[in-house]
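Visitor: Before I ask anything, here is the structure I am working with.
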Amino acid sequence: MTHAEPGGYNPAFAQTHTVTMNIRDLLNHKVQQAMLSAHIPFQHSPMVAPSKKPGFGDYQANGAMGAAKAMKANPRELAGEIVRHLELDGIAERVEIAGPGFINIHLAPEWLSQQLATATGDKRLAIARASEPQTVVVDYSSPNLAKEMHVGHLRSTIIGDALARLLAFQGHNVIRQNHVGDWGTQFGMLIAELEEQLAENREATMALSDLEVFYQQAKGHFDKDPAFADKARDYVVKLQSGDPQVLALWEKFRAVSLEHSQEIYEKLNVTLTSEDVRGESFYNDDLAPLVAELEEKDLAVEDQGAKVVFLEELADKEGNPSPVLIQKQGGGYLYATTDLAALRYRAGELGGDRLMYFIDARQSLHMQQVFTVARKAGFVSEHISLEHHAFGTMMGPDGKPFKTRSGGTVKLSELLDEAMERASRLVREKNPDLAPDTAANIGRTVGIGAVKYADLSKTRTNDYVFNWDAMLSFDGNTAPYLQYAYTRVRSIFRKAGVEPSALQGEILLSEEEERALAIKLLQFSEALDQVAKDALPHLLCTYLYDLASLYMRFYEACPVLKDGVPDATRQSRLQLCDLVARTLAQGLELLGIEVTEQM
RNA sequence: GCGCCCGUAGCUCAGCUGGAUAGAGCACCCGCCUUCUAAGCGGGUGGCCGCAGGUUCAAGUCCUGCCGGGCGCGCCA
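Taking our numbering, the leading residue of the first sequence gets 171, the next gets one more, and so forth.
Below, the structure is given as C-alpha cells:
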C-alpha cells in the first residue's frame, strides 16, 4: 500500500484520441484489438515493448506466449492469429513472428517521419497533456531550519523537484510542499541565543549568517551555562503557549533561515519558493484536535502515560502490533502527529489525489505507520494514492556516508560552490578562448547540472556514491555529455545561419542512424510516462543519454552541412538536429538542468 | 530478535508489467581529426547476475531458505 498506483493510470490501454506520440500505447492498443478479434480474452496483455536487438524489429509484442499457455494453444499459431487480425496499415512496414511466438513489428519510415513532423510543429514536441489531470501534492526538500542545509537534503530536493516539474509539464495540478522543520525543543535554545546576541547589538542576519556556527554557539552556551539552559527550556514553553516576544524572536530566526534555503534553491535551480513552505509549525493548532479525534475513533489509546495508536496491520510475527506514538507523557506532540495533520491537510484542504513524499529510506516504517493510521482514521479516501518514494544515502568515495575530512556534515552551499569552481576550471581548460564571464556562466550550468544529474541518474532506492571526477566527466551518462551534445547541435545551426523555424520538407529516414534517432525521439513521452508513474527520474536520464549517444553516432555518420549533401537531405537532417536539441533541452529542463549554447 | 532495502564486469551503474546470445561508462589495448565543437566516434579484453533449491515453454527479474552489507524498530525529527 505504500506504493499504491495512482488512480486511473493505465498506460497499456490509453486511448489515442488526439496526437499521442506514444508508440507503445498505440501498438498495445492495436495488438489488444487484434487479440480480441482472435478471441483471446481481454485479461491477456499484449506486452508490447521496444525490441532489444535491431534484428527483432522496433517493437515486439510478447503477449501471445502467455495467452497461449493459459488457453492451452500453440503459441506460434496464436501469434499467427493475432498478426492476421492486426491492423497496422501505414504504421508498420513489416510484422513477423519469431522464436516461440514473439511478434516483431517493423515501423514504416513514412509513418515515423509523419510522427516527427507533428513534433517539429509543436512547442511541446507533441507531448499530450494528461487526459485526466490529477492534483498531486509533492513533499520534498523539507530541511530543518535549525541548521544549515547539508548534503543529506540534496537528494530529496533534486528528485522531488524533477517530479514536480515533470508532472506539471504533463498537465497535472502540482502543489509543492516544503515541510520545513521550524518547531520543536531545539528552538528554545536557539531563540534564547538569538536574544542574547541581539542584545549585544548584533543584527539577526549577521548573527545567523552561518547557522552551523550559531547552532554550535547556542549548544555550547546551553551545555555550560545552567541559567541559559533554564531560559532555553522556558522559551520552549513560552513558544508553545504563544508568548508574543518569544514568538517574534522565533519569526526572526525562521525568516533568516528560510532565506538561506531560498539561496540554495536558486543556486540549485530548484523551483521551490517561499509560497511552498508549509512547515511543522503550520499544523500546531490542529494537533490537539487530531489526537482527540483518534481517541474518539478508538484508534489512539493511553499507554504508559502516552497516547499511542497500535497497528495490527504492521504487527510482527508474534502478533505484537506496531506502536505509533502521537503524544508524549508530558503532552508534547511528535512528528507522527504533525505528519498526520499535514497528510490530512493535503488530502482535505489541498484536495490532493496523489500525495508524494520524497523522504529518506530510513523513514520507511514511519511513513508506513502514518499512511496506515491516516487510512484507518479516514483522513484520506480509498482512491487517494499515498506514496513514499524513498531513496538511499549519499556515500563518499570511500563508500561510507558522505562527510568532510574532519567527519562533519558537508554544507550544501559549499558543495555547490566547489562544483561550479571545478566545472569552470574544466571549461577554461578545454576552451581557453571563451570570455571569462561566459566561462564562469557555463561553469555554473555544467557544475550544478553535474551534481544534480549524478544523483538523478542513479536508481533512487539505492545508496549512491558521490564522485567528482565521474560526474564532471564528459564521457558516459553525465550532465556534461548531454549538455555537450546539445551544444554540438546548436553549433550546426550557428554555422548554417539557419533558424529551425525556417526548415522545410519531409524528414527522410534512409540511413540506419537516422532511423534509430527518429524512433528514440518518438519515445520521449514513453519515458516521461514511466517517470511520472514510478517517480524514477533515472529512467528519463537513461532515455536522454541514449538519445544523445544516438545523436553522436548520427553526427559522425550523417553529414549535414558538408559539401555534396543534397538540399533535401540537409533540410531533413537539420530538422532531426532541431528535434534532438529541443528534446534534450526539454528533458533536462524537467530534471532541473540547464543547457548552454556553447561549451 | 523482527521488519525494510541492497548484492550484476576490477570500479561506478543500467537491465521497463518474467522473454530471444546480460548492457553502458571508467580503467586497459587498438583504430579514426586539412571537412558540421575529437569535451567525440568505432573496435577489443573483461560477467558461476551473492549461494542453493523451486515455479515456468522461458528467471538477473517471481517464491522459499541461507550467506554478506546497509538501515529502522514508544516518548528526537
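Virtual Cβ for every residue (Gly too), placed ideally from N, Cα, C. Computed from a prediction, not measured in an experiment: that's the story for all the values here.
1. Sort out for me which residues DSSP pairs S492 with in a bridge.
2. Mind checking H553: buried by the 16 CB within 10 Å criterion, or exposed?
3. Counting only runs that start and end within the region 521 to 587, where is the alpha helix (DSSP H) found for 4 or more residues in a row?
4. Go ahead and pull the three-state DSSP assignment for Q700.
5. Count the other CB atoms within 10 Å of the CB of S407; is the residue buried (16 or more) or exposed (fewer)?
6. Taking only the alpha-carbon atoms, compute the straight-line gap between G770 and R194 and give it to the nearest angstrom.
7. When we look at the beta-carbon of M526 and count the other beta-carbons within 10 Å, is it buried (16 or more) or exposed?
8. Which same chain residues, not among the five before or five after L586, have their C-beta less than 8 Å away from its C-beta?
9. According to DSSP, which residues form a beta bridge with D309?
10. Taking contact to mean at least 3 C-beta pairs separated by less than 8 Å, is the region 306 to 323 in contact with the region 347 to 354?
11. Please report the straight-line C-alpha distance between R532 and M205, rounded to a whole angstrom.
12. With distances taken from CA atoms, which of L761, Q768 and T766 is nearest D331?
13. Evaluate contact between the region 229 to 240 and the region 280 to 289, counting only Cβ atoms and requiring at least three cross-stretch pairs below 8 Å.
14. From R424 to Q741, what does the alpha carbon distance come to, in whole angstroms?
15. In the DSSP assignment, the beta strand (DSSP E) including N274 goes from what residue to what residue?
16. Terminal residues of the continuous beta strand (DSSP E) containing R264?
17. Taking Cβ positions, are S431 and M319 nearer each other than 8 Å?
18. So, for A377: in the same chain, excluding its five sequence neighbours on each side, which residues have a beta-carbon less than 8 Å away from its beta-carbon?
19. Leaving out five residues on either side along the sequence, give the residues of the same chain with a beta carbon under 6 Å from the beta carbon of M590.
20. Touching or not, the region 664 to 684 and the region 588 to 602, by the rule of three or more beta carbon pairs under 8 Å?
21. Looking at the strands, I want to know which residues DSSP matches up with V447.
22. Give me whichever residues DSSP pairs with P729 in a beta bridge.
23. Are I275 and A231 closer than 8 Å when you measure CB to CB?
24. What are the partner residues of H320, as DSSP defines its beta bridges?
25. Going along the chain, which residues of its own chain have a beta-carbon closer than 7 Å to the beta-carbon of S627, five neighbours each way excluded?
26. For A362, which residues from the same chain have a beta carbon less than 7 Å from its beta carbon, with the 5 sequence-adjacent residues on both sides left out?
27. CA-CA distance, S133 and L520?
28. Determine, using beta-carbon pairs with one atom in the region 454 to 468 and one in the region 604 to 613, whether at least three such pairs fall under 8 Å.
29. Can you give the Cα-Cα distance for L754 and P602, rounded to whole angstroms?
30. Among the residues of its own chain, which have a CB less than 8 Å from the CB of N244, if the five just before and after it don't count?
31. Is DSSP giving V218 helix, strand or coil here?
32. Please check the pair L324 and L582, which I expect to be a contact at CB under 8 Å, by giving their CB distance rounded to whole angstroms.
33. In angstroms with no decimal places, state the Cα-to-Cα distance between Y453 and G227.
34. Under the three-state reduction of DSSP, which class applies to D331: helix, strand or coil?
35. Is it right to say Q499 is buried, meaning 16 or more other beta carbons lie within 10 angstroms of its own, or is it exposed?
36. With a 10 Å radius around its C-beta and 16 neighbouring C-beta atoms as the bar for buried, classify G569 as buried or exposed.
Guide: Inspection of the coordinates gives the following:
1. L481
2. exposed
3. 534 to 547
4. helix
5. The displayed chain sequence assigns Val, not Ser, to residue 407. Exposed, by the Cβ-count rule.
6. Residue 770 is absent from the structure shown; the chain starts at 171 and stops at 769.
7. buried
8. I434, K437, L438, G617, I618 and V621
9. Q347 and Y527
10. yes
11. 45 Å
12. L761
13. no
14. 57 Å
15. F272 to L277
16. A262 to A268
17. yes
18. L364, Q367, L368 and F384
19. G613, R614 and G617
20. no
21. N348
22. DSSP output for P729 lists no bridge partner at all.
23. yes
24. K581
25. N647, H708 and C711
26. F398, K401, A402 and Y405
27. Since the displayed the chain opens at 171 and closes at 769, residue 133 lies outside it and no answer follows.
28. no
29. 26 Å
30. A238
31. strand
32. 6 Å
33. 56 Å
34. helix
35. exposed
36. exposed
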